[in-house]
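A short write-up of the structure that comes next.
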Amino acid sequence: SEYIKAVEEANPKYNAIVHTTFEAALEHAEAADEMLKEGNADTLCGIPMVMKDNICTDGLLTTCCSNVLKGFKPYYDATVWEKLKEKGAVLLGKANMDEFAMGSTSESSCYGAPFNPRNTGHVTGGSSGGAAAAVTANMAAYALGSDTGGSVRQPAAYCGIVGLKPTYGSVSRYGLIAYGSSLDQIGPLTYSVKDAAIVFDAIKGFDRRDQTSKAFDYGNILDYLDRDIKGVKIGIAEEFFDGIDPDMKTQIFDAVKLFEKNGAEIVDIKLPALKSALPVYYIIACAEASSNLGRYDGIRYGHRTGSYDSIDDMIYKTRSEGFGAEVKRRIMLGTYVLSSGYYDAYYKKACVIREEIRREFDETYEKCDILIAPIAPTTAPVLNFKGLSSVEMYLSDICTVPINIAGIPSISVPCGIDKKGLPIGMQIMGKRFDDAKVLNMAYFYE
Ligand code: GLN
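The sequence shown begins at 24 in UniProt numbering and counts up by one.
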């Protein structure tokens, strides 16, 4: 009830939650009370949280903040929500996001942008912007977001909280509405690293309903958190710091020095393929999106146009009315790079370079245990920055997309504030399935 009150008070200010689920929340809370009485309560039992509006919840609105899915209520739960519900989680609502998770500011939401609780004149980041704002403004104890190219880590950084993108395959994508299936990964947004570890522990694990799910025995992540960091090799790749705000760079290097003072070793790394990461990401993500979004035809889901004279006309009008400008742009770009005559020149080439980027990361992790970098070139930009073209927005993803291409784990932890008083995020990346090491380093820093 306290949290419901907090949402009612703060949400009109931040536009973080687009569908509240208070009635369901009270039922979840009652179920949690039962678990407590029976004495089999998990750490997350009774803890109120929110989920990004692209994670399916049985009978509760899940719209990807798109007009094409307005009013859509799935008839099944995503695996992550199934797992959390079993542990007694309490769902307060679905969080605002960029339409279909495409964007870096959450401004493409059909419900309007959320506002950054640290400074409401600035964006929350995206695409899990509402999730970040809800946690930052104490409307939820934690949130689940999705990260295809930075969408958990970057809004966490812009809002000054923690965001974890786990190893690809470690958390089931079943019930996460697909954007770029080979890149998408669900992850927690929390106030502390320990909370991120607790939530990750609860949602990870093999799921036969997700064909890219991996069975990996992590053990209990919490046991790794306070391991000694002596002798840990930290890789610094200059390529990550190209064109980064100088103040941000200084503060991140101060953090690196702190690790060094406590026994970590610094290793210089070269990642030349990083310069291709952005075009590779936008070719692959858009190609997969153009295919994934083919299902919104007005027949099976959500919106259907009012009047039409043939089935083709119905599909054409439904999609024209339902999708926003950024989503349309990406469907067209994706269709283009997949069409005959262009497939080899763009899509196939991007897949080849993707392998090269993965190989470079693999080789890097033979020389060091973790990498440290910024999350984005700047802190949170101002809202309604109309001068920003799509391409300029894409450029701000430069530090986060390589991680999804490589499928490795990465966390964003707050690392100071800039001259405008906005939070700076530091990115800590590990090798595939070394999520525990990433959390261990972040916990030490925090
Ligand atoms: N900003 C990136 C994009 O627009 C990443 C989004 C995401 O991770 N979902 O594609």
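For glycine and all other residues, C-beta sits at the position ideal for the given N, C-alpha and C.
### Task
Consult DSSP for T171 and reduce its assignment to one of helix, strand or coil.
If DSSP states are grouped into helix, strand and coil, T171 belongs with coil.
### Task
Flag G173 as yes when its Cβ comes closer than 8 angstroms to any non-hydrogen atom of the ligand GLN, and as no otherwise.
For the ligand GLN, at least one heavy atom lies less than 8 angstroms from the Cβ of G173.
### Message
Strictly by DSSP, which residues pair up with I440?
### Response
P446
### Query
Start and end of the alpha helix (DSSP H) containing K28?
E25 to Y37
### Identity of the residue in K280, N427 and H326 nearest E378 by Cα
N427
#### Entry: Closest by C-alpha distance to F45, when choosing among A155, R232, M162 and G439
M162
### Message
Please identify the residue among F229, T358 and S215 whose C-alpha is closest to the C-alpha of A164.
### Response
S215
#### Entry: Residue from K106, V158, C88 and V194 with nearest C-alpha to F456
V194
### Message
For A465, tell me which candidate among P446, V436 and I447 has the shortest Cα-Cα distance.
### Response
V436
### Task
Go through the region 177-238 residue by residue and report every complete run of the alpha helix (DSSP H) that reaches 4 residues or more, in order.
216-226
### Query
Taking Cβ to Cβ, would you say P404 is nearer than 9 angstroms to L418?
no
### Task
Could you check what DSSP says for Y165 in three-state terms: helix, strand or coil?
strand
### Query
Does the ligand GLN have even one heavy atom less than 8 angstroms from the beta-carbon of V350?
no
### Message
I need the DSSP call for residue 7, collapsed to helix, strand or coil.
### Response
Outside the shown range of the chain, which is 24 to 469, sits residue 7, and nothing can be said about it.
### Query
How is the alpha helix (DSSP H) around V158 delimited, first residue to last?
G152 to T159
### Paired residues, beta bridge with T80 - DSSP
Per DSSP, L83.
### Query
Does DSSP classify G116 as helix, strand or coil?
Here G116 sits in strand by DSSP.
### Query
Exposed or buried, what is R318 when buried is set at 16 or more other beta-carbons lying within 10 Å of its beta-carbon?
exposed
### Task
Check the DSSP bridge columns for H51 and list the partner residues they point to.
DSSP lists no partner for H51.
### Query
Based on Cα-Cα distance, which residue from C79, K372 and K454 lies nearest to Y99?
C79
### Closer than 8 angstroms: T423 CB and nearest the ligand GLN heavy atom
yes
### Query
Looking at C-alpha atoms only, which residue of Q274, R323, D265 and F282 is the closest neighbour of G298?
Checking the sequence, you will find Lys at residue 298 rather than Gly. Considering only alpha carbons, the answer is D265.
### Task
With a threshold of 16 other CB atoms inside 10 Å of the CB of A180, please say whether the residue is buried or exposed.
buried
### Task
Could you have a look at P397 and say whether DSSP puts it in helix, strand or coil?
strand
### Query
At which residues does the alpha helix (DSSP H) containing T66 begin and terminate?
Element bounds for T66: n/a, residue is neither H nor E.
### Query
Does the region 383-391 touch the region 339-353, meaning 3 or more C-beta pairs lie closer than 8 angstroms?
no
### Query
With distances taken between CB atoms, is the gap from G357 to A310 smaller than 9 angstroms?
yes
#### Entry: Inter-residue Cα distance where the pair is G144 and D332
Take the alpha-carbon of G144 and the one of D332: they are about 46 angstroms apart.
### Query
From A112 to D56, what does the alpha carbon distance come to, in whole angstroms?
11 angstroms
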